[in-house]
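The structure appears below as structure tokens.
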Amino acid sequence: MIGLDHPDACAHHLREHPLCQYCFERIILTPAKLCVPSEGHYATALVSLCRDCAESTARAIAQHGFRLDIGLDGWPLDPSHPANRSSPKLK
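Residues in the sequence shown are numbered from 902 upward in steps of one, following our numbering.
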């Protein structure tokens, strides 16, 4: 396993996880172009993203503090979204 501080960590991660994680959660298959730190939302330390998701997500997190994308069930995908803090949805 390559450590996160290794220069090839992102390239290795993209080979192992070639699809954008955020698109995949919405059942959209988009090739990932870069990887970013997961900030604790995922099991891996890095998350593969397409450029559109990376840019829009960075804007949303900077402005609101959480991702704005919605899952197929109609609920926000980001665990830190206010609607998920005391969500009535069944698990």
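Note that beta-carbon positions come from the ideal geometry of N, C-alpha and C, so glycine has one too. These numbers come from a predicted model, not from an experiment.
Less than 8 Å between C-beta atoms, sequence neighbours within five positions excluded: which residues of the same chain meet that for residue i?
i           : result
residue 911 : 935, 936 and 947
residue 924 : 930, 931, 951 and 954
Apart from the five residues on each side of it in sequence, which residues of its chain come closer than 7 Å, Cβ to Cβ, to residue i?
i           : result
residue 955 : 935 and 937
Assign residue i to one of three DSSP states: helix, strand, or coil.
i           : result
residue 919 : coil
residue 981 : coil
residue 951 : coil
residue 971 : strand
residue 902 : Note on residue 902: pLDDT 46, under 50, position unreliable in the model; the coordinate value appears next. Reduced to three states, the DSSP call for residue 902 is coil.
residue 987 : coil
residue 929 : coil
residue 963 : helix
Who pairs with residue i in a beta bridge, going by DSSP?
i           : result
residue 935 : 950
Skipping 5 residues on each side, what residues in its chain have a beta carbon closer than 6 Å to that of residue i?
i           : result
residue 982 : 967
residue 961 : 968 and 969
What whole-angstrom Cβ distance do residue i and residue j have, given they're in contact under 8 Å?
i           : j           : result
residue 950 : residue 932 : Their Cβ separation, rounded to whole angstroms, is 10 Å, which puts residue 950 and residue 932 out of contact at 8 Å.
residue 975 : residue 926 : With 8 Å as the limit, residue 975 and residue 926 do not qualify as a contact, their Cβ atoms being about 13 Å apart.
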